[in-house]
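Since the structure comes first, as structure tokens, the remarks are kept for the end.
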Amino acid sequence: ESASLVSLQLQHPSAEVREFACASISKLLQQKHLIPTFLHRDVVRCLGPMLLDHSLAVRETAAGALRNLSACGGFDVCDDMVTKDIMTPLVALLKECSAGLDANQLSPKKCKERNKNYVEDIANEAINLLWNVCECNSTAVSIFNKEGCLEAVLHYMKKFSTNVDLAISVANCLQAVTEDNPELLSSFNSSAQQVLESVLLCPERTMKHILLRTLIAGTIWNIKDTIPPGSLASMVNAILKIFSESLEVDAGETIIRLSEAEKNRVKFPAEAETEETMNDVIDNCVLSEDNEMEEIPKGKVGQENDISDLLPSNKWELKEVTSLLMAQQTALEVIVNMCCSEDPSDDDWEELSSSDESDLFMENSYNEGSGLLMSPLCLSDEVNSAFLNYLIPKKILEKTAFPNSVALDICMHNPSWKPLIKKLNTVQCRALTCLHSILLVSDVDCLGGASALQSLAEHLSQLIFSKTEFPQDPEFLEAITSALRALLQTMASKNISQCMTPEQLLALCEAAIHSSNSSVRVNVVSILGISGSVLAKSENTAETLKMIGKFLLEVAMKESSLVVAGEALDALFDVFADGKEAEKAAVQIKLLPALKEFQPVFKMRMRKEGKRDYSTDQLCVLDNVKMNLRRFIAYQEMLVKNSA
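Written out as structure tokens, the structure reads:
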């Protein structure tokens, strides 16, 4: 009934009533269980026209309500919003706001708050709505391209020096719409690139500005194909400098300092809110000019969509920490993409590495003195080596550690800061994923040699086993098992001894095999296969191989997911492929008769579940497993025959 009443109020002749109705809907839409009710009432078509209402206040609250709907509703709701043509009024609003941006329309008669800029505030809500729907819906991205929205969006970005919140919203949107969007690349002319360059070179040192530069760096990586070859090296150097700046800051220490600053500001508001005090806090959290962390003297106090602009204005410190964590998460995610990037030809690399051009992103600003890469990432072995030597030890590896316990305690006991715990954990998971990607594309020398890999294995094992209870978070488990799998595979391929004992690995597998995340189960089964194949080459390992074999057999036969069962079979093939110890263990666990009995069951499951539950790529892998199972059984039969 309340939803129906509020919907009727949207048609009221009074602007104040319409504004109140939009604000009420906006608040209610934050309760996910109410979203279906409003969708049933066709809230998108009701609110859409409100984006172009004569009242600026109504426009802002309507855009805010639709933003909440898109953020809280998820992919399906965003699809529904695009189907119901939300893009038509949204694009019109964005272009109208862009045209009126320079006029600095304050509309003082209708504005209850002094110095409120309705145009920029409406634009901020509209850009966030655009970001949400474009991130979820390809049709929205196509409309963005065809309607020439880039020009309007970049016009908002020019306000970064006076409205960093608006600029961050634009940067988030830009990063979303430029990802895998070749149609948009032609729109990034030199003028558009200059706008992005000006943001990269912004000297401001607040966490919000670090986030802004990081998001723009990610956007520039997305549009790298528009950069002239002679300027590509300079572009990558600029990106890496920004990411280095983001990752250099210790988030735990920043939380401790800014939490203390918040207490002092509340306790002594007149003193704490001066500009000098705020700058002191920032200076204690960011890098000095020589890229070293500044020490704070003792006793001195200085969809996951970013919603820091929605935090109350009196939560300055919380906004700063939130911006920092979003910046670090973004930097790590883009580095993963950089590691997965395709390599150009040798000729391209020679052109890039020998270039002395510096027409883009002012290469001279990021010269040899900064200690940064001077070559594009992942385009050659030389660059991979430089990238890893610079980033893994000092930045990414540090972020894989558990968050600072003191900072966690502060967040736990402050309701406003409690959401930061999830963000801290997300940064750790992204760092582990980043580590996994780097391990996949780099050789042992680039990683620091055998001793460095062994130390890394010890570090990862401590993350798994250091706490009294086994980790349960699916995202963390997937990230750390993926990194461990890649590490152990690299070590095995180079015959580097593994520091984790078989007992530790079995304990990990026995605990993680019950995870609801199938990727975790695939990873731990693969880890056991890698470890077992190494053990099979050593003496007196038959007993351990028996335990591994029994575990993998049980997984293959009882696992509900065919993908995990197939991985378990692959692991068995690796462990028992060769060696006297493996042959001995295979006989004792009766591996051959067990597999012969399981073979028709596996075939039947593939026929029954294959096309119904699995993708073409997964079926291709499972077909290979089925073929290898037949060959492995034949191989085991030959071994039995020869030993008779």
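By full-length UniProt numbering, the letter at position 268 of the sequence shown is numbered 268, and the numbering carries on one by one without gaps.
Glycine included, C-beta positions come from ideal geometry on N, C-alpha and C.
None of these values were measured; they are calculated from a predicted model.
Once DSSP output is grouped into helix, strand and coil, what is the label at residue i?
i           : result
residue 444 : coil
residue 179 : coil
residue 249 : coil
residue 323 : helix
residue 276 : Note on residue 276: pLDDT 47, under 50, position unreliable in the model; the coordinate value appears next. Reduced to three states, the DSSP call for residue 276 is helix.
residue 18  : helix
residue 206 : coil
residue 60  : helix
residue 631 : helix
residue 579 : coil
residue 624 : helix
residue 614 : coil
residue 497 : coil
residue 589 : coil
residue 340 : coil
residue 536 : coil
residue 163 : coil
residue 198 : helix
residue 637 : helix
residue 267 : helix
residue 132 : helix
residue 574 : helix
residue 239 : helix
residue 101 : coil
residue 516 : coil
residue 54  : coil
residue 216 : helix
residue 461 : helix
residue 415 : coil
residue 225 : helix
residue 10  : coil
Below 6 Å CB to CB, which residues in the same chain sit around residue i once its five sequence neighbours on both sides are set aside?
i           : result
residue 226 : 185, 188
residue 485 : 523, 526, 527
residue 444 : 494
residue 491 : 453, 498
residue 154 : 192, 195
residue 98  : 152, 155
residue 437 : 336, 339
residue 259 : 410
residue 179 : 222
Select from the options the residue whose C-alpha is nearest the C-alpha of residue i.
i           : options            : result
residue 82  : 617, 316, 141      : 141
residue 591 : 555, 560, 636      : 636
residue 399 : 333, 517, 410, 171 : 333
residue 19  : 196, 47, 37        : 47
residue 207 : 405, 324, 465      : 324
residue 150 : 585, 139, 94, 200  : 94
residue 543 : 75, 507, 460, 502  : 502
residue 397 : 87, 244, 466, 322  : 244
residue 64  : 125, 89, 54        : 125
residue 52  : 41, 79, 119        : 119
residue 122 : 57, 557, 469, 538  : 57
residue 638 : 587, 602, 215      : 587
residue 467 : 489, 401, 510      : 401
residue 146 : 517, 230, 181, 217 : 181
residue 102 : 86, 158, 148       : 158
Within a Cβ cutoff of 8 Å, which residues of the same chain sit near residue i, ignoring the five residues on either side of it in sequence?
i           : result
residue 202 : 160, 161, 209, 212, 213
residue 35  : 29, 69, 72, 73, 77
residue 622 : 562, 563, 566, 606, 610, 614
residue 589 : 546, 549, 550, 553
residue 633 : 592, 595, 596, 599
residue 89  : 48, 49, 51, 52
Might you give, ordered along the chain, the residues of its own chain that have their beta carbon closer than 7 Å to the beta carbon of residue i, omitting 5 neighbours on each side?
i           : result
residue 144 : 134, 177
residue 128 : 67, 169
residue 643 : none
residue 519 : 478
residue 625 : 566, 569, 570
Within 8 Å (strictly less), CB to CB, does residue i reach chain D?
i           : result
residue 490 : Although the question refers to chain D, the structure presented lacks it and comprises just one protein chain.
Exercise. Evaluate the contact criterion for the region 65 to 74 versus the region 17 to 28: three or more CB pairs, one atom per stretch, below 8 Å.
Key: Put simply, the region 65 to 74 touches the region 17 to 28. At least three CB pairs are less than 8 Å apart.
Quiz item: Can you find at least 3 beta carbon pairs, one from the region 565 to 585 and one from the region 526 to 540, that sit closer than 8 Å?
Solution: yes
Quiz item: So does the region 432 to 444 actually touch the region 465 to 485, counting three or more Cβ pairs closer than 8 Å?
Solution: Remark: three or more beta-carbon pairs, one from each stretch, lie closer than 8 Å, so the region 432 to 444 and the region 465 to 485 are flagged as touching.
Quiz item: Are at least three pairs of beta-carbons, each pair with one atom in the region 316 to 325 and one in the region 409 to 423, less than 8 Å apart?
Solution: yes
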